[in-house]
Structure formats: C-alpha cells, structure tokens
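All remarks here apply to the structure that follows.
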Amino acid sequence: MVKKKASIRIFLLFVVPAMFIWITVVLIPFIYGLFITFTDWNGLSMDYNFIGFDNYKSVFLDNTFIESLKKTFVYSFSSVVFSNLLGLAIALILTCKIKGQNLFRMGFFTPNIIGGIILGYIWNFIFAFALTSFGRMSGIEFFEKSFLTDPKKAMIALIIVTTWQMSGYLMVIYIAGLINVPKDVIEAAEIDGAGWWKKIRYIKLPMIRSSITICVFLTITRTFMAFDINLSLTAGGPYKSTEMISYKIYQTAFSNMKFGLGQAQAVVLFIIVAIISIIQVTVSRRGEVEA
Amino acid sequence: MKKQKSFTYLILITLLIIFIIPFYLLIINTFKTTQQFVLNPFSLPESFNLDNYKEAIRKMNFSVSFKNTLIISVSTTLLNTVFSSMIAYVFSRKDWKINKFLFMLLVVSMVAPFQVYMIPLVKIFGGTLGMSNKLITVIYVGIGLTIPFSVFLYRGFLNSIPKELDEAALIDGCSMEKTFFRIILPLMKPIMVTVMVFVGLGSWNEYLMTSLFLTKTETRTLSIAAFTFLTNRSADYSPMMAGLVLGIMPILIFYLFGQKHIIEGVVQGSVKG
Amino acid sequence: MKKRFLSLILVLAMVVSLVSACSKEGADKKVESSDKGTTSDASKEETNKDDSSSEKVEISFYSTQTGMDDKFEDIIAKFEEENSNIKVEYIAAGDNQLQKWMSLYASNEGPTVSLMDPINIWENQDRMLVLDPNENPWMDQVYESAYASYIFDGDIYAIPISTQGYGLLYNQRVLDEAVGGTFDPDTIKTRDDLINLFDKIEASGTPATMITGVNWSIGMHYLALTYAGYRDSREIEKTVVEESRAGTFDLANDEVFNSLMDTFDLLAKYNYNKSDPLIGNIDLDAEALATGKVGTWFMGDWSWVQLKDIADRDTEFGILPIPVSNDPSDERNLKIPASQPKGYCIDTSQNTVEQQEAGKKFIEFICFNPYAQEIISDTMGATLPYENVTVKSDSPLADATAWYSEQGRTLDISNFILLPSDFWYENGASMEAYLSGAIDRETLATQVSNYWKNN
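Same order as they appear, the protein sequences are chains A, B and C.
Each residue of the first sequence is one higher than the one before, counting from 35 in the numbering used here.
Each residue of the second sequence is one higher than the one before, counting from 2 in the numbering used here.
Each residue of the third sequence is one higher than the one before, counting from -12 in the numbering used here.
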C-alpha cells in the first residue's frame, strides 16, 4: 500500500508533467487532425461536409501518390545507408585520438548549424553553376548539364545533400556511443593482436549496437518526412520527378487547397513510416540481444 | 603505420573541405551585392563591405528578433531537458505497464508528419485559447514537439547505466527525486549535452511552427525575420545571408568556446559511467 | 564552486527574463482579449457605433506582395499619423501565403485587410466584404476594367493594387542593332514577322529569345492563355473550362492551344537557355536581358525590380505581344496579356464593422494617397490602375504596359480565376517536361486534359 502510494507520487512528479505537455501539443491536435480527414474542409472555408472515407479512397486511387511513395523509398533507403556509413566512419576515425579531433568534429557538424532554405539555395548554385563550369573545363560530359534539370541526377543531388547534412549529426551520436566503449576491452584486444578492422568488427560495432538502432531510426523517419531540402533544392522538379511524399502532402494541403485530402495522405504516410520503424527497431533490437 | 595515418588525414581534410564549402560560400557572399552573388557566387569579394550587415540589422529589427530567439531557444532547451530526463528516468527504471505504453506512444508520435496536427494545433492554441503572438506559446509547443525525441535518446542512455547504482542509493534511504538529481543526473552529462545541442539548434533555427504562432513584427524570431528578404519570385540574397550569419554567430561562438567544456563533459561522464 | 555559481546566475537570469517576457505578454493579452470579446460576435450583431469614436480601432493588414515589408510599414506609419484613431498591424506572408493565411484564420486572427490573388478571394468569398461603389465613392477612381478579376456574380470583392502586363520583353539597343535602325514593336504583326526578327537578332550575333523554365512562368503565364485571353469572349472561355472539367474538351485539336504551342516551339527553338532549358534562374536571366546578352525574354513588367539594379545595363526596354497566327489582321497578335494579379479584400468573418470601416479607410489611403502611390509604384515597378495618378514610374516596362492599356491593346485574362489554385504547379510540370523534350505535344495535351478531369 505504501509502495503504491509512493509509485503514484513518482508518477505524478516524473511522468505527468511531460506527458501533459505532449498530450496537449501532439495527441489532441493529432486526433483533431484525424477528424479532418473525414471532411472536405479546404483549410479556410467556414463550413465543411462529412464525406466518410472518400479522402482515403482518393489517396489509394491516386497514381501520383504511389509514384511519390516509390521515389521516397529510393531516396530514403539511399540516404539512410550513405549517411550512416559516412557518419559512423567519421566517428570511428575521430575517436582514435587524432590530432585536432575537436576541430574536425566541429567542422563536420557545421552543416547542421545553418538551417533551412539558404542551405538548399547554396547547394542549388553548386549544382547548377560550380559543377557545370567544372564540367565544361574538364570536358566531362556528366557534369556539363545541371544535376537539377535531369530527373535522375536531381534525385542523386538530393541524396548527396541529405547525406552531407545528416552524417555530421549522426557522427555526434556515434561518437557519444563510441566513447562509452570501455577502454580496457579495446586494450585487451590490442594485446591479443587484433588489427583495426577486427577491433571495429568484433568490439566497437557490437558495443554501439543501440546507437546504430537509434541512428537508423532517426534517419528513416527524417528522410521519409524530408521537406525543407526537397523544397529549397529541387522544389519537386524537374517536372515533379523529385516530388517526395512530404512535399506532395504539403502541396495538396496548402497549394491545391484540398486540406482534408492532404491530411489523409499524411495519415497514410504516418502509418507506413510507423510500420517500417517498428520493423526496423524490432529487428535491430534482436541483434542487440544476440551481440 | 605513419603512412596510414597521413592517408587518414588526407581523407579527413578533403571531407572537411567538402563539408564546410557551403559555409565558406555563405560568408564570402555577405560582402557582395546580390547581383555580384548571383553572377558569380564563387568569386572573392572585392572589399569587406558591411552594407549587407547594416541592411540586415535594420530590416530584420535585429535586436528584437535576437532577443525573442534567445528567450525561446534557451527556455525550450532547459525546460525540455528537465521534463524529458525525468520522465525518461522513470521509463528506464520502473517496469510499469503504463510506462511501456506511454513510451511507445511517444516513439510512434515521432513518425507522425507535422502537417497532420499543424493546423489543429493552431486552431486550439491560437483560436480556442487565444494564445497567438506569445513567446510562451511557442516555448510550450516547442517543448511538446521535442519531448519524444529527447526521451527516446535519454532512455536509451539511461538503460546503459547500471541499475545497481541507484538501487544502492534507494536502499540508503534516498528518495527517488534525490537519487535522480544527485546521482543519475550528473552521469547523464554526455547525453544531456548532446540532446541540448540538438534541441537548442533545432529551436534556434525553427521556422514553420514559430511562424504559425508569431505574426507580429515585435514577436518575430531571426528565422522568420530572414524571410523579409524573400520576394515572390526571387530574393535579396546578400542581406539575407548576412542576417543568417549574424543569426548563427551566437551559436558558433557558444560552440567554439563551449566546445572544450562540452567535450570534457562528455568524456568525464563516460569514464564514471 | 565558481562554475556552479556561474551556472546558477545564468539559470536565474534566464528565469527572470522568461518571467518578465511572460508578464509583459500577459498585459498585452488582456487588452487584446478584451476587445476580442466585444468584437468576435459583433460583426453579426451590427453593434451600435456610438462609443467607437473615442476608442482606437485595431486592424491588421496581411500582404502577400513580399520583399517590401519595410515599405508597407512606412505607408502604415504615415496612415496612422493621419488617422490617429486607427492602429494597423502589419503581417508579412513569409514563404507560403496560403498556409500563413490559413493559420491566421485558424487562430481567429483573420486579417482585416488582405492583399491576395483573385483565386484565393474567389474561393473564400463567403468571408469577404462586398465593396459597393455607391456606398464608397472613392472606388470610382479605379479604372472599371481593373475590377474584372474581382467581380464575382456582379459584386466587387477587392481593390486591385496594380496592373501588370507580360509578353516578350525586349532590349531596345539589341533590337535596334539587329534591324539596323530604330526597332518598332508594331512591325511585328504575325508569327512570321517574329521569326524574321529572331533571325535578324541571331544574325547580329546575339541569341534571339529566352524562356525561364520555371512552372509559374510557362505553366501559368503561358499555358493558361489557352483558357483566358485568346478567345473571343469570356463566355466562350468559361465553356472551355466547363467542358475541360467534364472531359469533353478536345485540347489536342484546339486552335488556340495549338497556335500558342506553335509559338512556344518557336521560342524554344531560339531559346538562350536551350542547352539546359530548365535551369530557370530569374536573376541570371534578368541580367542577360539587361546587358544585351539576349534580345527578348518571355516575362512580365514586374521583372523591372530585378533589371533596374543591374550594373552597366541598357536603358531602354519594351514589351512585344505574343503572335499566335500568320494573319496580320488578327488582333490578338497586337495585344499583350495584362491583369491585376493582387487585390485588397476585407474580412467580415473575424472582424467587426468598425474594423471593416477602418479597413476601407486604409485601402483608400494605400491606393490613392500620393505618398503611398509613390512607394508602391517605385518598389513594384508597376502601373497603378487608378485615375489621376500623379507619380511617374521609372520603369520603361510599366510604361509599356500602360501604353498598351491606353491603346486598348490588352488581352483580358481575368478568367484566370476559373483555373484551380494548383493549375500552375501541376501543369507547369507538364510544360517543363515538354520544354525539355521529355514529352511531345500530344502527351502534353493528354496530361493537361487528365488534370482537368481530376478537378
């Protein structure tokens, strides 16, 4: 009985404040948002009608939605792989007592300090002008035309910029994990004559399993919901070939003025990403146990 | 061995250059006119012309925007740290069913696109409660939006701290609050610094949510003010970039000077852990 | 110890600043909420006006004409000086004008006066005040034809801010050199004349024309002419749109569509940006025209804002119509499309009668006060669609639009309001694909037709 009372006190003190804020800011508006998906509200009009599941039907009958989803998969998968590999590689190097490692850590993190629109614009210039003039000078045809006016290359550009920005972020999380690997274990391995690869493969990687899970989870959710970079770098172009799902939802809701439909698309996206991340987390958790 | 090391350096330095090129471009172009920037963003400026900075300070109403941004980011970061670390601690230590359920809810909400609840959020806080144009609203909402992410990271870290540590303290008669603040919190330093950097940076650069609530000139933040240089079809890029540079300067200075302490904090914490 | 002390002070300072900020805000809120309470229902109840004279009326002005926030604030300051009982709060649009508008309405802060596109006003008429010229005599100063985009079912819903025309902008010096003498735009009466001109420009060593491959330019300004401007009457245009929606309109064999696209092909053939047609950079293209790297440019008079600041630019520019046939008596070949792309409207759904009245005063001021006119005309480089305008714009392009208007040589494109608000975005993509050669005209027609069926 005393114990129960104590538990309630702890619950009220530790759990309730944070949950209260979260419920008011996220959960209640989210439920409200769900409600809108069953209406034909345009976001501005003073009244609306209930139209049942019509919005959801439209989502699945819309070819462009499915197309967008496919593009997002390609983009997301590539970005997750490249940014995690790069972030992890940098983190491994920068935890090896390298001279000037603090300077390097800071340098690799800078892409995250500049946010949003201007970043996309600067990269826009790099792809449209720096690379093209490099192409003309060197005669390499691949670079002569802007990356951003070719559907396939525009996607590559998006992946490059995402990897560039995200890997510094992931590096920080990986470094935090790697620092926590007990030094005596590594020293013991060194005495046993383990080379750098063996140390990484058999000691460091298994020890930072949870960091990997976190990073992969973060990159999956971030890339599936990528919006800023899509807007400022390609704006979905050329001719909507890089219109990814979040950007499309945004267009549906705020440019096409089909607010209810946009909301329904967003809910569908939510369900998809939720399923993917649950699978990912479960699978890698199982890995953690084995290790 | 030596050869291998210099090879590593070569790769690192090349990578680093790629990583900071846009940053370099940003800075050199603040000393040019917009036209010079558009014609050749890669040329060096002819002189250190500070006109763009003056223009940015004037048009963005810099001191006011700066103050607003500072109040919002600092409060969001600190309060988020307190609330999230506390809830994460209970989540990681108490095996209650409700905890599992709540944690799962939080994690799932991380994958919910902001669009789904953006307009309802404005309707509730702005419309029903009439809380538009108040910094406190943005702080409150900012905390709510970042709680899942922070709790996720904190709980992961706390799980790696041996339970025996606080069990010992509890047996000694410490209350849970005391155990948390005296024993656990200091151990959380490395992850706390990391999360604070993420949350702080995020709220410093936050645009979309903030712009929905703060519409008045006197409540503008830096990232909202930067949009005054954007026109319907183009933008006055040079002063806009000058404004952005001014906006990130404080973070940069903080990062430069705080860096040593931050890294030290991370290392210390890990040795103890 | 020292460290701990320092951090303590820091935290304290933070708390103090936070609390002071909040309390200040709290005070603000009280004022606000008290007049919110009296106002929100008042608009429907038609409250008595007797006590309003002494109190300050607070209104808000939402502008989607971006990039001139400080100019609008100057105008507001002047207005408040002359109308001490009205306070105007300025709200800038930011990056997405509709999203911001929605969020303002969602938080019950619908702006008293909004400067919006016709389509947005049309879609939200139920919130807007009908402006009656009989009650508001000042409305007569606006040219009657300038209301075209803002009249729905016979009622006027907004006052236009400017008249803007577009077509093929040209650099006078380059064209003079090409034709050997002074170039006269009236010599271009047919598509063949245009081809002839282009050949001459190319012969003089300069690329003839330029298309900026962005969706709003080729998707809206060009393709949308299929539905507004080039047909005999607004009624016919309306039928075309209705039939398109119903899926019965044969776009692929439509005369206007094909004529327009034939000319588009011509522009594409001589395009300065041909090697990479979708590169689409308005600043660079403006620079190319201004310094004579290219002879003509499919764009509008609004780009004077970009052109005028370019160093070493030429001084004389003009606008050419887009010829769509080889018949010299075809009047369409002599006219440029022009419209009033943004107008001031007044909200009734979240603003009181007093606020609406103050909003009218503000619109009257911003449209007709010489001080305001000078600022607007100067920063937008645009023609003002009002009588007795005394300010003289420094833009040769605005002058050209004004000249065409005076001659009655403008194409009425007010039926752009019949096009859904995402027309430019969705079909702009198809036009981009067409320009880059990814699809042919038949596919383009199919894609556009499919777009209509889904709307």
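No residue lacks a Cβ here, since even glycine has one placed at the ideal position from N, Cα and C.
These figures come from a predicted structure and were not determined experimentally.
- Under DSSP, the beta-bridge partners assigned to C:TRP284 are C:LEU156.
- Within its own chain, the residues whose Cβ lies closer than 6 Å to the Cβ of C:MET286, once the five positions on either side in sequence are excluded, are LEU156, listed in chain order.
- Bounds of the alpha helix (DSSP H) holding B:PHE84 are 63 to 94.
- When the Cα atoms are used, A:ILE160 and C:ILE266 turn out to be separated by approximately 13 Å.
- Of the residues A:ALA298, A:TYR284, A:ILE312, A:ASN290, the one whose Cα lies closest to the Cα of A:ILE254 is A:ILE312.
- Only exposed fits A:LEU119, as fewer than 16 other CB atoms lie within 10 angstroms of its CB.
- Comparing alpha carbon positions, the residue from C:ASP296, C:ILE205, C:ASP179, C:GLU351 closest to C:GLN128 is C:GLU351.
- Secondary structure note for C:ASP399: it is in no alpha helix (DSSP H), and the uninterrupted beta strand (DSSP E) holding it is 397 to 399.
- For C:ILE309, the three-state secondary structure derived from DSSP is coil.
- With a threshold of 8 Å between beta carbons, C:ALA416 makes contact with chain A.
- Listed by position along chain A, the residues whose Cβ is nearer than 7 Å to that of C:GLU419 are GLY271, PRO272, TYR273.
- Contacts with chain B (Cβ-Cβ distance below 9 Å) from the stretch 40 to 53 of chain C involve SER47, TYR49, THR51, GLN52, THR53, listed in chain order.
- Given a length threshold of 4 residues, each whole run of the alpha helix (DSSP H) inside the stretch 269 to 298 of chain A is given here in chain order: 279 to 288.
- Going by DSSP, C:LEU102 is part of the beta strand (DSSP E) stretching over 100 to 103.
- By the criterion of at least three beta-carbon pairs nearer than 8 Å, the stretch 132 to 149 of chain B is in contact with the stretch 45 to 62 of chain A.
- The stretch 90 to 136 of chain B is shown to contain no whole beta strand (DSSP E) run of 3 or more residues.
- With fewer than 16 other CB atoms across the displayed protein chains lying within 10 angstroms of its CB, A:LYS186 is exposed.
- Between the C-alpha atoms of C:PHE410 and C:PHE403 there is a straight-line separation of about 10 Å.
- Within the model, the alpha-carbon separation for C:ILE205 versus A:LYS274 is close to 15 Å.
- Scanning the stretch 84 to 120 of chain A for uninterrupted alpha helix (DSSP H) segments of 4 residues or longer gives 88 to 95, listed from N- to C-terminal end.
- Taking B:LEU80 as the centre and dropping the five residues before and after it, the same chain places the C-beta of ILE140, ILE144 closer than 8 Å to its C-beta, in chain order.
- For the stretch 106 to 127 of chain B, the set of residues with a beta-carbon nearer than 9 Å to any beta-carbon of chain A comprises LEU106, LEU107, VAL108, VAL109, SER110, MET111, VAL112, ALA113, PRO114, PHE115, GLN116, VAL117, TYR118, MET119, ILE120, PRO121, LEU122, VAL123, LYS124, ILE125, PHE126, in chain order.
- Against A:PRO240, chain B offers no close residue; the least beta-carbon distance is about 14 Å (beta-carbon pairs closer than 7 Å).
- If you draw a straight line from the Cα of C:VAL311 to the Cα of C:LEU247, it is about 6 Å long.
- In the three-state reduction of the DSSP assignment, C:ASP113 falls in the helix class.
- For C:SER326, the enclosing beta strand (DSSP E) has its first and last residue at 323 to 326.
- When CB distances to chain B are screened at a threshold of 9 Å, not a single residue of the stretch 339 to 363 of chain C falls below it.
- Counted as a single uninterrupted DSSP element, the stretch harbouring C:GLU42 is not any beta strand (DSSP E), since DSSP gives it neither H nor E.
- Under the three-state reduction of DSSP, C:ALA195 is assigned to coil, being neither helix nor strand.
- Separation of C:VAL378 and B:TYR54 (C-alpha to C-alpha, rounded to the nearest whole angstrom) is 32 Å.
- For A:VAL307, the C-beta contacts it makes with chain B under 7 Å involve VAL112, in order along the chain.
- Interface with chain C (8 Å Cβ-Cβ cutoff): A:SER167 is excluded.
- Distance from the Cα of A:THR106 is smallest, within the candidate group A:ILE225, A:THR257, A:PHE87, A:THR166, for A:THR257.
- Put simply, the CB of C:ASP409 is far from chain B, with every gap to its CB atoms at 8 Å or more.
- CA-CA distance, B:PHE8 to B:ILE19, rounds to 17 Å.
- Listed as beta-bridge partners of C:ASP142 by DSSP are C:PHE139.
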